[in-house]
Amino acid sequence: KRKLSHTKNTVEALKERISSKTKDLFERLEIMNAVELKARYDIELEEYAKRIQIESRLLGDLARNHIIPTAMRYQNLLVTNCAQLKSMYEKDFKSVAQDQLDVIEKISFYIKDIQEGVDAMTLSRKRANTQDLQDRAESYCYKVLPFLEQIRNNCDKLELLVEDELWPLPKYRELLFIN
């Protein structure tokens, strides 16, 4: 109704800064000229790319050095427990330990998906860093940022599966509700 632009991400929103309509408005009101607008645009693009780069590095580090090792530790506990159950209930092992076997399988899936996501994200980040400013920001937006969501979703699912005492980071419910 109001003919407002509807941009879905930061890169597209920042492009509005250098559109001819925006340039005309800023120059007509003597706020900034085209060179100043372009300079601010470049600074904001670079800042955006740097923020996504830092967030992706941090997420990769947390995933590889904290979340995956913790999930593997918990998985090993479950495997040990299953081995003991198998020795106790040889005939009925599947019915007794099926829930634990399902959790072990889920953990394996999430670990694999996180590792693959971190590897792909790192590769995308390296490719993005070789490009000029505009293409770098777009690569971070369209090729790196989706991995952050995928990795985080898998980490969130592991958080729900892994025992509280083993989890190295505060869980969401602990952040929301103080015990």
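Residue numbers (the working numbering): 1146 to 1324.
Just so you know, even glycine gets a beta-carbon here, dropped at the ideal spot from N, CA and C.
If you check the CB distance, Leu-1311 and Tyr-1219 come in under 8 angstroms. The C-beta separation of Phe-1292 from Ser-1269 comes to about 7 angstroms, placing the pair in contact by the 8 angstroms criterion.
Annotation: the continuous alpha helix (DSSP H) that includes Phe-1254 extends over 1238-1274. Look at the beta carbons and you see the segment 1187-1202 not touching the segment 1231-1251: under three pairs across the two are nearer than 8 angstroms.
Minimum Cα-Cα distance from Tyr-1255 among the listed residues Asp-1280, Asp-1244, Cys-1286, Pro-1214 corresponds to Pro-1214. By the beta-carbon neighbour count (other beta carbons within 10 angstroms, threshold 16), Met-1233 is exposed.
Between the C-alpha atoms of Leu-1303 and Glu-1294 there is a straight-line separation of about 14 angstroms. Spatial neighbours of Leu-1223 in its own chain (CB-CB distance under 7 angstroms, excluding positions within 5 residues in sequence) are listed in chain order as Gln-1245, Val-1248, Ile-1249.
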